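Have a look at the structure below before the remarks.
In our numbering, the protein residues as written are 540 to 741.
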């Protein structure tokens with residue numbers, strides 16, 4: 540069980556960083572959106588190991604050739620979009636008008652890259668859980684069962700993400716209007732880390 544928790548903590552670090560960056564980027568983020576995001580991150584961290592376990596080694600060698608590029612592309616695109624929009628917001632000094640990132644009663648957001656957007660949330664969930672696919676494959680090669688480990692990884696990820704959202708409340712006020720740029724850079728950094736780790740280990 541201890542090894543499962545450690546694996547879960549390791550795999551959840553990217554989702555944790557995104558939870559923190561989202562919490563400091565989105566002004567007035569509702570608990571519902573934070574909870575939904577944590578559930579999605581945890582769910583995909585559960586699904587990916589199971590999927591990897593069933594895919595088997597032969598198909599894994601094919602996936603492994605480009606999975607890091609998928610993760611990097613998704614995170615770089617979303618992060619770059621946040622940086623550009625954050626820079627525009629600072630340049631136009633619109634932190635107090637309708638173009639700022641706010642949450643209204645209908646939760647209708649402008650074209651912002653945040654976890655309130657379902658396509659964005661799905662992309663982030665996939666990008667941060669691709670590494671878990673390899674974990675499932677390794678369990679398959681070792682002849683181990685996957686359901687209990689996958690459940691453990693998913694639960695740990697959910698809890699870690701909720702901690703990340705809470706931590707963002709302390710970090711957010713320190714960044715002010717630079718929060719969106721900081722959040723975007725975090726996503727790009729995570730994508731670059733995933734890409735470099737795979738390229739260097741190749």
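Idealized CB from N, CA, C, for every residue including glycine.
Here the structure is a predicted model, which means the values were calculated and not measured.
Legend entry - Nearest neighbour of residue 702, chosen from 670, 592 and 578 [CA to CA]: Within the chain shown, the letter at position 163 stands for residue 702. Cα-wise, what sits closest to residue 702 is 578.
Inset, instruction - Buried or exposed for residue 736, please, with buried defined as at least 16 other CB atoms from any protein chain shown within 10 angstroms of its CB. - result: Translated into the one-based positions of the chain shown, residue 736 becomes position 197. Residue 736 should be labelled exposed.
Inset, instruction - Report yes if the C-beta distance between residue 678 and residue 688 is below 9 Å; otherwise report no. - result: Translated into the one-based positions of the chain shown, residue 678 becomes position 139. Translated into the one-based positions of the chain shown, residue 688 becomes position 149. Yes; because the gap between Cβ atoms is below 9 Å, this pair is in contact.
Inset, instruction - Indicate the three-state DSSP secondary structure (helix, strand or coil) for residue 567 in the structure shown. - result: For this step, residue 567 is matched to residue 28 along the chain shown. Residue 567 falls in the coil class under three-state DSSP.
Legend entry - Through-space distance from residue 664 to residue 582, alpha-carbon basis: Along the chain shown, one-based indexing puts residue 582 at 43. Along the chain shown, one-based indexing puts residue 664 at 125. Approximately 9 Å, taken between the alpha carbons.
Legend entry - residue 540 versus residue 672 - alpha carbon distance: Working through the chain shown from its first residue, we reach residue 540 at position 1. Working through the chain shown from its first residue, we reach residue 672 at position 133. Straight-line Cα distance between these residues: approximately 19 Å.
Legend entry - Other residues of its chain near residue 710: CB distance less than 7 Å, five sequence neighbours each side excluded: Residue 710 sits at position 171 when you count from the first residue of the chain shown. Contacts found: 559 and 563.
Inset, instruction - Along the alpha helix (DSSP H) that carries residue 678, what are the first and last residues, could you check? - result: Working through the chain shown from its first residue, we reach residue 678 at position 139. Residues 657–681.
Inset, instruction - Measure the Cβ-Cβ separation of residue 729 and residue 667 and say whether it is below 9 Å. - result: Against the chain shown, residue 729 aligns to sequence position 190. Against the chain shown, residue 667 aligns to sequence position 128. Here residue 729 is near residue 667, since their CB atoms are less than 9 Å apart.
Legend entry - Beta-carbon proximity list for residue 674, same chain, < 6 Å, skipping 5 on both sides: Position 135 of the chain shown, counted from the start, is the residue given in the question as residue 674. Excluding residues within five positions, the ones whose Cβ falls inside 6 Å are 588.
Inset, instruction - Pick out whichever of 556, 570, 567 and 580 has its Cα sitting closest to the Cα of residue 660. - result: Taking the first residue of the chain shown as position 1, residue 660 is located at position 121. Ranking the options by Cα distance to residue 660, first place goes to 580.
Inset, instruction - Taking residue 740 as the reference, give the member of 607, 669 and 694 with the closest Cα. - result: Translated into positions along the chain shown, residue 740 becomes position 201. Residue 607 is the option with its Cα nearest to residue 740.
Legend entry - Enclosing alpha helix (DSSP H) for residue 546 [first to last residue]: Counting from one through the chain shown, the residue named residue 546 turns up at place 7. 541–550 is the span of the alpha helix (DSSP H), which, as asked, contains residue 546.
Legend entry - Beta carbon of residue 543 nearer than 9 Å to that of residue 691: If you number the chain shown from 1, residue 543 lands on position 4. If you number the chain shown from 1, residue 691 lands on position 152. It is a contact, given that the beta carbons lie within the stated cut-off.
Legend entry - Beta carbon of residue 654 nearer than 9 Å to that of residue 557: By one-based count along the chain shown, residue 654 stands at place 115. By one-based count along the chain shown, residue 557 stands at place 18. Result yes, Cβ atoms of residue 654 and residue 557 sit closer than 9 Å.
Inset, instruction - Report the three-state DSSP secondary structure of residue 692 (helix, strand or coil). - result: Locating residue 692 in the chain shown gives position 153, where the first residue counts as 1. Here residue 692 sits in helix by DSSP.
Legend entry - Whether residue 610 touches residue 704 by CB criterion (9 Å): If you number the chain shown from 1, residue 610 lands on position 71. If you number the chain shown from 1, residue 704 lands on position 165. No, the Cβ-Cβ distance between residue 610 and residue 704 is not below 9 Å.
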